[in-house]
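Structure record follows, encoded as structure tokens.
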Amino acid sequence: MEITIDRSSREPIYQQIARQVRDLITTGKLPAGFRLPPERRLAQALGVSRSTVLIAYQELRADALIDAHVGRGTMVTPSEAAPTHPEVEQELPWRQLFGAAVSGFQDPLVGDLLRLTERAGAIPLSFGMPAPELLPFAELRDLITGVLDDTGPAALLHSPTEGLTVLRATLAQMMAARGVGCTPDEVLVLSGSQQGLDLAARIFLDPGDTVVVEQPSFIGALQTFRGARVRLIGVPTDEHGMRTDVLESVLSRFRPKLIYTLPTFQNPSGSVLPLERRQHLLALSRRYQVPILEDDPYSELRYEGDPVPSLRALDPAGNVLYLSTFSKLLFPGMRLGFLVAPRLVVRQFALARQTADLHSNTLGQWVLDRFLQGGRMGDHMRAVRQAYRRRRDAMDAALREAAVPGLVWQRPQGGFYFWCRLPAGVGPAALLARAAEAGVSYLPGRACFADEPPAEFIRLNFSYPDEEQIREGVARLTGVIRQETGHPSTAEIQAASTRPIV
Amino acid sequence: MTASFARRLNGMKASEIRELLKITQQPEVISFGGGLPAPELFPIEDLKVVMADVLDREGPRALQYSTTEGHPGLREAIARHLNSKLGTAFEASGILITSGSQQGLDLSGKVFLDDDDEVLCESPTYLGAINAFRAYRPRFVEVPTDDDGMVPAELDRAIAGCRRPKLLYVVPNFQNPTGRTWSLERRHAVLDAAARHGLVVIEDDPYGQLCYEGTTPPALASLPGGATVIYLGTFSKIFCPGMRVGWLAAPPEIYEKYTLVKQGADLHTSTLAQHQILAYLERFDIDASIARIREVYRRRRDAMLRALESEFPPGVSWTRPRGGLFLWATLPEGVSAREALARALEQNVAFVPGSSFFPNGGHENTMRLNFSNMPEERIAEGIARLGAVLRELCAGRAG
């Protein structure tokens, strides 16, 4: 359902919504029986208050265009009076043609967010990207331009679905440095770890299955799992990551197919799961025979403190499927990540991948292999760690200096993000709009929760902007938060209230 | 622990054929198996220039995240290229860059198919498409096809027997596996049926530019008639398969869904590869390169047809493709192509038995022969050996 809000228009927003939905229904684009998004979801997606959507729906109901059914939501009413024009070329009923999986991909939030940040002058604290100026461009340039001299046509040909054999061996070696013993045939090259999530969903999940995720969790994983039409059960977290004491009752009650976790410098919270909880998590996985999908994009980006072994490194039983990526360490546009898993699982991933896209770009795999083999990764990592530590400290200092009452955060020991709890009463939708006006972007915390969040959070990235941008961005954002604190709009209060059913 | 895979995977098994063909990678084997382009035809020297060019011009941007839809310049170049070749009127905004056209097939399955939906296709049809769609557990309905393409009356009959027909998957040009090309009348008739029944047409066109006689008929996507056509294309057959860059063209209301689904699948296709292809298209003449490929493949096709004429026993028939990479042979009823393959492999000759290309099985007496990947003298030699195997098998059956 495409609805656009024009805030500069004099037409009230609820009328804009009602008008556009009415047009969609009368032109047959929303067929009878089409279920409209719940008021809260639509309000969130459009960045308007729930009461605004409520009024719009009431109008449509008064026009008998939609009807609310308890338990089934709000649907387009069938109408014999609906005009049909047999002589006019009928558009296909797209909603009925799309597969059910597509409904899991409806969340337009990320796209909207990217558009907001594309406004000129906006300081992006919303991304999850490495700083391009810190990446080893000159070295990669030499490798890329030289690779065809070395390989001839081989770098342009098909390559194995599991990945280039040399690269798999190199990655297995690299994993040894991460404390993981694995053989090359337990490694599968991926086009970024997003593909690993997608393939994992294909391989393990049927509609109606249950997946355990952290509360909060990585937004891309939540979208992938929603697309697989599974039930997501969120396990609460604290400053030390997943509450494994709560996990046990979840496992016994819901018998999930998969536990998805990002235990080190989590996205979005930045937390690190301590060793004891890791061991507890692994023990539970063994007891309940539930595999763990460990997502580890950030563990190499530690700026202080001692490393904690990955779940995969602690797991002798083979319960852990380990995903990692080069998108946070090197250039993300090369789209290269990898999976470490038992052979049987690697085989199944490869089979699924055959039907998905055959294999990753061959030349890119050669280049990555040469880069890793050349021993250049160590120097590069030392340099980026230093730079990111300074950026992290700059963000921490800027947040302290602003000293917004009620704004709570923890300085992360690594990774890319600060996770901040907003002062009570700050409305998330209003804040997003105000921040865009002020020229700063961030990721709203709501997007990272499988269901209703316990409080309102925001995620701030410090790897992409430089120190000056960080200071300016945090100043702009905290200024807006301060203004919004204690002044929730009437609309936000209405939206948060529950109407008595009479 | 025993991994608990999804039930959906039951429909997916390691292809025994693929296992069998692994041995065909040995250099002594004359392979008519894969659909690989000939690597000696890749424009390597031009590409070296392109690699340096891209990085000097674009700098780090060539290695950064890019949008899911793909590089705007490449989308424009593809739209222009297609519109000039196919008579289509694609807009750059309707082109989605995919990680090879295999991804276009997979995304189509994900966008449209639920369990037990029906996919109508030619009989036989492309194996990679069968596998991509099968992951979404549809029902395959094969529509009889002759030398002019899908038979419209049979299509109507097939649709009448469907409960939830969703997709019509077709390869109208130099089809894989048969090499057949649809006539213009058939194109119109099938589009008409698709429009009448509200089917979405997936037009897969990897080979359209590999035409060795006459001209390639207009793409379905270029013809009027009100049917919705999603057009899939790729650089794999006319450029380099390892780049993994293809595209699809879809109407706006569907395009958005494809983009969302692709975002969940791999965010976007390699930025570097997209830049490299665009730079190649801008700097060099891909049409001249395709013309060279066409010339070589035409000679190889002719070599194979000549050899078949003299070596294959009576009772075996085959198609005479006007383009593409494959031809299709039918053995006498009761002669097993699988058995023939086992014996041919002993003679170091490989091909793909045809039954794999029928989603619902059967047709054990058919075989697909690729003619693009072997030089002419090896084609002659391989067909001679294969002919001997077939003569033996046919004689055994007669006796």
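Going line by line, the protein sequences match chains F and L.
For the first sequence, the working numbering gives the first residue as 1, with consecutive numbering after it.
For the second sequence, the working numbering gives the first residue as 503, with consecutive numbering after it.
For every residue, glycine included, the Cβ atom is placed at its ideal position computed from N, Cα and C.
As the structure is a prediction and not an experimental result, all values here were calculated from the model.
Top-ranked residue by Cα proximity to residue i, from the options
i, options, result
"Asp209/F", "Gln469/F, Arg226/F, Gln215/F", "Arg226/F"
"Ala579/L", "Leu833/L, Arg689/L, Phe828/L, Trp749/L", "Trp749/L"
"Ala844/L", "Val854/L, Leu538/L, Gly836/L", "Val854/L"
"Phe859/L", "Glu894/L, Thr627/L, Pro541/L, Ser586/L", "Thr627/L"
"Glu593/L", "Gln604/L, Arg577/L, Glu624/L, Leu829/L", "Arg577/L"
"Leu888/L", "Gly836/L, Asn862/L, Pro815/L", "Pro815/L"
"Glu294/F", "Met75/F, Leu399/F, Gln266/F", "Gln266/F"
"Phe137/F", "Val702/L, Leu565/L, Asn850/L", "Leu565/L"
"Thr600/L", "Arg563/L, Ala751/L, Glu687/L, Ala846/L", "Ala751/L"
"Tyr709/L", "Ala662/L, Glu530/L, Pro640/L, Asn678/L", "Asn678/L"
"Asp466/F", "Arg391/F, Arg382/F, Leu443/F, Thr264/F", "Arg391/F"
"Pro342/F", "Gly318/F, Asn361/F, Thr355/F, Ala352/F", "Gly318/F"
Coil, strand or helix - residue i by DSSP
i, result
"Val88/F", "Any reading at Val88/F needs caution, since the residue's pLDDT is 44, under 50, leaving its predicted position unreliable; the model's value is listed next. Coil."
"Leu164/F", "coil"
"Cys182/F", "coil"
"Asn633/L", "helix"
"Val763/L", "helix"
"Ala475/F", "helix"
"Gln215/F", "strand"
"Val643/L", "strand"
"Asn585/L", "helix"
"Pro574/L", "helix"
"Ala508/L", "coil"
"Cys448/F", "helix"
"Leu125/F", "coil"
"Met652/L", "strand"
"Lys257/F", "coil"
"Asp706/L", "strand"
"Leu190/F", "strand"
"Cys420/F", "strand"
"Glu300/F", "coil"
"Val426/F", "coil"
"Val272/F", "coil"
"Val692/L", "helix"
Beta-carbon proximity list for residue i, same chain, < 7 Å, skipping 5 on both sides
i, result
"Val340/F", "Met175, Val180, Cys182, Glu186, Val187, Arg312, Tyr322"
"Glu87/F", "With a pLDDT of 44 at Glu87/F, under the threshold of 50, the predicted position of this residue should be treated as unreliable, though the coordinate-derived value follows. Correct list: empty, nothing qualifies."
"Val235/F", "Val212, Glu214, Gln215, Met242, Arg243, Val246, Leu247, Val250"
N- and C-terminal bounds of the alpha helix (DSSP H) containing residue i
i, result
"Phe225/F", "219–227"
"Gln266/F", "Segment: none, Gln266/F is in no alpha helix (DSSP H) and carries neither H nor E."
"Thr145/F", "137–151"
"Thr74/F", "Taken as a continuous stretch (DSSP letters only), Thr74/F belongs to no alpha helix (DSSP H), being part of the beta strand (DSSP E) at 73–76."
"Asp379/F", "377–402"
"Tyr288/F", "275–288"
"Glu39/F", "39–46"
Residue range of the unbroken beta strand (DSSP E) whose run includes residue i
i, result
"Trp830/L", "828–832"
"Trp749/L", "748–751"
"Asn675/L", "No beta strand (DSSP E) contains Asn675/L, which DSSP labels as neither H nor E."
"Ala68/F", "66–69"
"Gly735/L", "730–736"
"Pro545/L", "Neither: Pro545/L is in no beta strand (DSSP E) and is coded neither H nor E."
"Ser504/F", "Because chain F is modelled from 1 through 502, residue 504/F falls outside the range shown and cannot be assessed."
"Thr600/L", "597–600"
"Gly234/F", "231–238"
Contact set for residue i: own chain, Cβ-Cβ below 6 Å, skip 5 residues either direction
i, result
"Ala697/L", "Gly727, Gly728, Ala729"
"Leu431/F", "Glu484"
"Phe516/F", "This structure cannot speak to residue 516/F, because chain F is shown only from 1 to 502."
Contact set for residue i: own chain, Cβ-Cβ below 8 Å, skip 5 residues either direction
i, result
"Gly364/F", "Met334, Arg335, Leu336"
"Thr165/F", "Pro184"
"Lys668/L", "Phe614, Leu615, Asp619, Glu620, Val621, Pro640, Leu701, Val702"
Exercise. Name the residues in the region 615–642 of chain L whose C-beta lies less than 8 Å from a C-beta of chain F; which are they?
Worked result: The residues in question are Leu615, Asp616, Asp619, Gly630, Asn633, Ala634, Arg636, Ala637, Tyr638.
For this session: Residues of the region 134–146 of chain F with a CB closer than 8 Å to any CB of chain L: list them in chain order, please.
Result: Leu135, Phe137, Leu140, Arg141, Ile144, Thr145
Exercise. What are the residues of the region 578–610 of chain L that lie near chain F, defined by any Cβ-Cβ distance shorter than 7 Å?
Worked result: Ser601, Gly602, Gln604, Gln605, Asp608
Exercise. Taking any Cβ of chain F, which residues in the region 773–786 of chain L have a Cβ under 7 Å from it, in chain order?
Worked result: Thr773, Leu774, Ala775
Exercise. Using Cβ-Cβ distances below 9 Å, what residues of the region 154–169 of chain F are close to chain L?
Worked result: Ala154, Ala155, Leu156, Leu157, His158, Ser159
Exercise. Between the region 323–342 of chain F and chain L, which residues of the former have a C-beta closer than 7 Å to a C-beta of the latter?
Worked result: Phe331, Pro332, Gly333, Met334, Arg335
Exercise. Which residues, in order along the region 358–385 of chain F, keep a beta-carbon less than 8 Å from a beta-carbon of chain L?
Worked result: Leu358, His359, Ser360, Asn361, Thr362, Leu363, Gly364
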